[in-house]
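**Student:** I am attaching a structure below and will ask some questions about it afterwards.
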Amino acid sequence: MRPENSVAAPYLLEIKNLKKHFPIEKGFIISRVIGHVKAVDDVSFFIRPGETLGLVGESGCGKTTTGRLIMRAYDSTSGEIWFDDCRMGRVNVAGLEKKQLRQIRMNMQLIFQDPYSSLNPRMTLLQIVGEPLLVNGVARGSELQDRVAELLRVVGLRPEYMVRYPHAFSGGQRQRIGVARALALHPQLVVCDEPVSALDVSVQAQTLNLLQDLQKDFNLTYLFISHDLSVVEHISDRVVVMYVGKLVEHARTEELFYNPKHPYTEALLSAVPKPDPRLRTAPIVLQGDVADPAHPPSGCYFHPRCRFCIERCKMEAPQLREIAPEHYVSCHRADELTLAGVTKLAATAPAP
Amino acid sequence: MTNQPKIPVDEEAKIEEKIAVATPATMMWWKFRKHKAAVISTVFLVFMYLLAIFCEFVSPSVPDATSARYMSAPPSTIRLVDVEGKWHAPFVYLTEMSRDPVTRRAIYTENTEVRYPIKLFSTGPAYKFWGLWETDIHLFGLGVADEEQRVMLLGADRVGRDMLTMTVYGARISLSIGLIGVALSLGMGIVIGGISGFYGGAIDNFIQRVIEFIRSIPHIPLWMALSAALPLEWPVLKVYFAISMILSLTGWTSMARTVRGRFLAMREEDFILSARLTGSSEGRIILVHMVPSFLSYIIAILTLAVPYMILSETSLSFIGLGLRAPAVSWGVLLAEAQNVRSIALTPWVFWPAVAVISTVLAFNFLGDGLRDAADPYAR
Numbered sequence: 018m019r020p021e022n023s024v025a026a027p028y029l030l031e032i033k034n035l036k037k038h039f040p041i042e043k044g045f046i047i048s049r050v051i052g053h054v055k056a057v058d059d060v061s062f063f064i065r066p067g068e069t070l071g072l073v074g075e076s077g078c079g080k081t082t083t084g085r086l087i088m089r090a091y092d093s094t095s096g097e098i099w100f101d102d103c104r105m106g107r108v109n110v111a112g113l114e115k116k117q118l119r120q121i122r123m124n125m126q127l128i129f130q131d132p133y134s135s136l137n138p139r140m141t142l143l144q145i146v147g148e149p150l151l152v153n154g155v156a157r158g159s160e161l162q163d164r165v166a167e168l169l170r171v172v173g174l175r176p177e178y179m180v181r182y183p184h185a186f187s188g189g190q191r192q193r194i195g196v197a198r199a200l201a202l203h204p205q206l207v208v209c210d211e212p213v214s215a216l217d218v219s220v221q222a223q224t225l226n227l228l229q230d231l232q233k234d235f236n237l238t239y240l241f242i243s244h245d246l247s248v249v250e251h252i253s254d255r256v257v258v259m260y261v262g263k264l265v266e267h268a269r270t271e272e273l274f275y276n277p278k279h280p281y282t283e284a285l286l287s288a289v290p291k292p293d294p295r296l297r298t299a300p301i302v303l304q305g306d307v308a309d310p311a312h313p314p315s316g317c318y319f320h321p322r323c324r325f326c327i328e329r330c331k332m333e334a335p336q337l338r339e340i341a342p343e344h345y346v347s348c349h350r351a352d353e354l355t356l357a358g359v360t361k362l363a364a365t366a367p368a369p
Numbered sequence: 037m038t039n040q041p042k043i044p045v046d047e048e049a050k051i052e053e054k055i056a057v058a059t060p061a062t063m064m065w066w067k068f069r070k071h072k073a074a075v076i077s078t079v080f081l082v083f084m085y086l087l088a089i090f091c092e093f094v095s096p097s098v099p100d101a102t103s104a105r106y107m108s109a110p111p112s113t114i115r116l117v118d119v120e121g122k123w124h125a126p127f128v129y130l131t132e133m134s135r136d137p138v139t140r141r142a143i144y145t146e147n148t149e150v151r152y153p154i155k156l157f158s159t160g161p162a163y164k165f166w167g168l169w170e171t172d173i174h175l176f177g178l179g180v181a182d183e184e185q186r187v188m189l190l191g192a193d194r195v196g197r198d199m200l201t202m203t204v205y206g207a208r209i210s211l212s213i214g215l216i217g218v219a220l221s222l223g224m225g226i227v228i229g230g231i232s233g234f235y236g237g238a239i240d241n242f243i244q245r246v247i248e249f250i251r252s253i254p255h256i257p258l259w260m261a262l263s264a265a266l267p268l269e270w271p272v273l274k275v276y277f278a279i280s281m282i283l284s285l286t287g288w289t290s291m292a293r294t295v296r297g298r299f300l301a302m303r304e305e306d307f308i309l310s311a312r313l314t315g316s317s318e319g320r321i322i323l324v325h326m327v328p329s330f331l332s333y334i335i336a337i338l339t340l341a342v343p344y345m346i347l348s349e350t351s352l353s354f355i356g357l358g359l360r361a362p363a364v365s366w367g368v369l370l371a372e373a374q375n376v377r378s379i380a381l382t383p384w385v386f387w388p389a390v391a392v393i394s395t396v397l398a399f400n401f402l403g404d405g406l407r408d409a410a411d412p413y414a415r
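Sequence order for the protein chains is A and B.
Quick note on numbering: my numbering labels position 198 of the first sequence as 215, and the sequence is numbered without any gaps.
Quick note on numbering: my numbering labels position 296 of the second sequence as 332, and the sequence is numbered without any gaps.
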């Protein structure tokens, strides 16, 4: 039940200036902090109800940390996480007490990357998928069995599998179990943390289609974390690109793919493999390595690898600004540069 | 036409179904079964512990049955065929002792005139079974007075005691001290290691430094100092418990480290985070998710710690600082055997060493098998 006085917020989730700095400790017996790893550094974005936001970047750029901060698996260093809960209304997840957090977590769930380590191997599917229902006092006994059977059917597994253990299933099936577990409480928001990157390409498409079908059926909102641009392009309404803990670009999917405004996005896009050899262009190979988040470069974190770098980029960190409607970018030269995007979006869904 | 026979397909599906619903315990058993050495060791250890539990009954004599007639007597020869070539049930000939006129050494010869058949469940020296009721029934014996003739499968020691009896009685103390010592270490290890791993931070740091300190003290001198402090007038049982406590004083450290390590590794597991995010309480996470996951490891490590305890007791007793006669343990027996004369003339008094070595090896194999089976889900 929504409280009477609150207005329906346009955003289901709104992140404002989210930061997570992990301290680096050193010393024997008495340790002292000698620095910070800025895993997530001043990230802001929003998700509307029912849509899918893709979150892309290289490994180690803070995508997973961002997802886990939203779930409050870690406490953020600073920033706000506004979530429009269907019962409690708009709340800042970052500041919630334990008891309220438990309530909120019933409405946001996480799908893990590795379907092997995210399921307790010593539990049957009934126990795994039923755990959220059981611990939150939603169902027990034969009702629990019925609910789990229904959930298994929804994700395309046979209800008889309930008595089986995860070791009897393949990676793709295990990921379906993970999805069933995440859906058990009918959450509003599902944070999908690279849900298909551990799977074979042939199963990736099936899993993606399942996620899309479920989104329609259950009116879900996804935060879809991935390093695979073609997957993100296929599933997302809008895309956020991160680099070394910073948000570099945020736009609608077509806008970002056709008309990137940040040189890093351009480089990422040029590296996406294209199925048609006639469309292939030489990828932009970035020089150097990804910056160390414990010792980031001065100014724009991307400047040592950027082919458009000027003096200003080395001195001054760019702010995120809206250069076109709903197109946010943090680059000093976003207005003057003409960058190449993709020429054609994958029009059809990957074959099931 | 390649017509697949129908039955094998059904069988296959059945096997698959069996695997799919196999509980963790079943999976572990399947994996353990594959480790042949561990399975054999298990059988051997069960046998040894049965010997230790029923030692009064199993042994043909009692530990305090000294005899001047059998001083350092060699193992009795069990015969099936007599001198005339006739077959009998197992028997021994009458043993006669004479002395070498030059060296005065005892010489044992067989008198083929008199046969003593070996009887099962025969009478022998009286004892109190488990200290509860008096009886004189032994598993096997000759059923005649001790001084007349004895059967000694492993020979006799310096004062004429049956080595088989001594070794089997020694098993009771040596094998149980391992278990008691490990139980004490486990208690301390789980509590301290658990605190260290669960809370982390400064507490963890402090506990780890203490453990490092304890482990850096050389063990033998520490044990020597502690056991030298035990009053000499203490009864055997009290000394026994004191010794097992001294042993676990250092033994708990490795246990604590392992428990801490498992806790730390477990905290990072995705399925633990998943349980937390779905709203499971801390208690549920520890009891339902963490403990079952590392219980099998603890059991494996426990098994590997038992031989360490047995060896420690043996070495302490051997250097004369552990248990002392009249207690009978393998270490005590070996301490009595430690002289050149024994090696040269009566090698059979080293049977307790064989018992120590085979038990320790068996525990190591068993622990190995358990460790392999502890995580049947490892990919």
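Don't be surprised by glycine CBs; every beta carbon is placed ideally from N, CA and C.
Only a predicted model underlies this, so the values are computations on that prediction, with no experimental measurement involved.
When the Cα atoms are used, what is the spatial distance from B/SER290 to B/ALA219?
**Tutor:** The alpha-carbon atoms of B/SER290 and B/ALA219 are separated by roughly 13 Å.
**Student:** Can you grab the Cα-Cα spacing for the pair B/GLY358 / B/SER212, in whole Å?
**Tutor:** Looking at the two C-alpha atoms, the distance is approximately 15 Å.
**Student:** Any Cβ of chain A within less than 8 Å of the Cβ of B/LEU323?
**Tutor:** With 8 Å as the cut-off, B/LEU323 does not count as an interface residue toward chain A.
**Student:** Looking only at its own chain, which residues have a Cβ that is under 8 Å from the Cβ of B/ASP172, when we skip the five neighbours before and after it?
**Tutor:** The answer, listed in chain order, is THR159, GLY160, PRO161, ALA162, TYR163.
**Student:** Here's the rule I'm using: 16 or more other beta-carbon atoms within 10 Å means buried, otherwise exposed. How should A/GLU31 be labelled?
**Tutor:** A/GLU31 should be labelled buried.
**Student:** Rank A/VAL146, A/VAL155, A/GLU353 by C-alpha distance to the C-alpha of A/LEU168 and give the top, closest one.
**Tutor:** When each option's Cα is compared against that of A/LEU168, the closest is A/VAL146.
**Student:** Is the distance from the Cβ of A/VAL208 to the Cβ of A/ILE87 below 8 Å?
**Tutor:** Taking 8 Å as the Cβ cut-off, A/VAL208 and A/ILE87 qualify as a contacting pair.
**Student:** Hey, B/ILE154 and B/VAL128 are a contact pair by Cβ (cut 8 Å); roughly how many whole angstroms apart?
**Tutor:** At roughly 7 Å, the Cβ-Cβ gap stays under 8 Å, so B/ILE154 and B/VAL128 are in contact.
**Student:** Can you name the start and end residues of the beta strand (DSSP E) that A/LEU206 belongs to?
**Tutor:** Taken as a continuous stretch (DSSP letters only), the beta strand (DSSP E) holding A/LEU206 covers 206-210.
**Student:** Counting C-beta neighbours from all protein chains within 10 Å, is the total for B/PRO362 16 or more, i.e. buried, or is it exposed?
**Tutor:** By the 10 Å Cβ count, B/PRO362 comes out exposed.
**Student:** Applying the criterion that 16 or more other CB atoms from any shown protein chain within 10 Å of the CB defines a buried residue, is A/LYS37 buried or exposed?
**Tutor:** Answer is buried; the Cβ neighbour count reaches 16.
**Student:** Give a yes or no on whether the C-beta atoms belonging to A/ARG85 and A/VAL110 are separated by under 8 Å.
**Tutor:** Cβ distance not < 8 Å, so A/ARG85 and A/VAL110 don't count as in contact.
**Student:** Where A/ASP210 and B/ALA58 are concerned, what is the direct C-alpha to C-alpha distance, given to the nearest angstrom?
**Tutor:** If you take the alpha carbons of A/ASP210 and B/ALA58, they lie about 30 Å apart.
**Student:** Does any residue of chain B have a CB that is nearer than 8 Å to the CB of A/ILE32?
**Tutor:** So no, A/ILE32 is outside the interface.
**Student:** Check the Cβ of A/HIS184 against every Cβ in chain B and list those closer than 9 Å, keeping chain order.
**Tutor:** ILE55, ALA56, ALA58, MET63, PRO412, TYR413, listed in chain order.
**Student:** Over what stretch of residues does the alpha helix (DSSP H) that includes B/TRP270 continue unbroken?
**Tutor:** Counting along the chain, B/TRP270 falls outside any alpha helix (DSSP H), and DSSP gives it neither H nor E.
**Student:** Bridge partners for A/TYR239 per DSSP, in chain order?
**Tutor:** Per DSSP, A/THR69, A/VAL207.
**Student:** For A/PHE129, count neighbouring C-beta atoms within 10 Å of its own C-beta (all shown protein chains included) and say buried if the count is 16 or more, exposed if not.
**Tutor:** Under this definition A/PHE129 is a buried residue.
**Student:** Measure how close the beta-carbons of A/MET125 and A/LEU206 come, nearest whole angstrom, since I'm counting them as under 8 Å.
**Tutor:** Indeed they touch by this definition, with Cβ atoms about 4 Å apart.
**Student:** So, at 7 Å on beta carbons, what are the nonlocal neighbours of B/ARG197 in its own chain, with the 5 sequence-adjacent residues on each side left out?
**Tutor:** Excluding positions up to five away in sequence, the list reads PRO99, ALA101, THR102.
**Student:** Which two residues bound the contiguous beta strand (DSSP E) that contains A/MET125?
**Tutor:** Taken as a continuous stretch (DSSP letters only), the beta strand (DSSP E) holding A/MET125 covers 125-128.
**Student:** Determine, using beta carbons only, whether B/GLU248 comes closer than 8 Å to chain A.
**Tutor:** No, its Cβ sits nowhere closer than 8 Å to a Cβ of chain A.
**Student:** Compare the C-beta of A/PRO149 against all C-beta atoms of chain B and say whether one is closer than 8 Å.
**Tutor:** Chain B, which has a Cβ nearer than 8 Å to the Cβ of A/PRO149, makes this yes.
**Student:** Under the three-state reduction of DSSP, which class applies to B/ALA409: helix, strand or coil?
**Tutor:** B/ALA409 falls in the helix class under three-state DSSP.
**Student:** Mind pulling the chain A residues with CB within less than 8 Å of B/LEU313?
**Tutor:** Those within 8 Å of B/LEU313 in chain A are MET88, ALA90, ARG122, GLN126, LEU127.
**Student:** Taking 8 Å as the limit between beta carbons, can you name the residues of its chain near A/VAL34, skipping five residues before and five after?
**Tutor:** For the record, residue 34 of chain A in the displayed sequence is Asn; it is not Val. Answer for A/ASN34: ASP59, VAL60, SER61, SER95, GLY96, GLU97, listed in chain order.
**Student:** Determine the chain A residues that contact B/PRO328 at a beta-carbon separation under 8 Å, and present them in chain order.
**Tutor:** Ordered by position in chain A, the residues that pass the 8 Å Cβ test against B/PRO328 are ARG139.
**Student:** With three or more C-beta pairs closer than 8 Å as the rule, is the stretch 144-153 of chain B touching the stretch 223-232 of chain B?
**Tutor:** They do not touch, by the three-pair rule.
**Student:** Ends of the beta strand (DSSP E) at B/PHE242?
**Tutor:** Not the beta strand (DSSP E): B/PHE242 falls in the alpha helix (DSSP H), residues 237-252.
**Student:** May I ask which residues mark the beginning and end of the beta strand (DSSP E) holding A/VAL54?
**Tutor:** Note, A/VAL54: beta strand (DSSP E), 49-64.
**Student:** Taking 8 Å as the threshold (beta carbon to beta carbon), is A/VAL155 in contact with chain B?
**Tutor:** False, the Cβ-Cβ gap to chain B never drops below 8 Å.
**Student:** Using 8 Å for Cβ pairs, my map puts A/VAL261 next to A/PRO310. What's the rounded Cβ distance?
**Tutor:** Their Cβ separation, rounded to whole angstroms, is 5 Å, which keeps A/VAL261 and A/PRO310 in contact under 8 Å.
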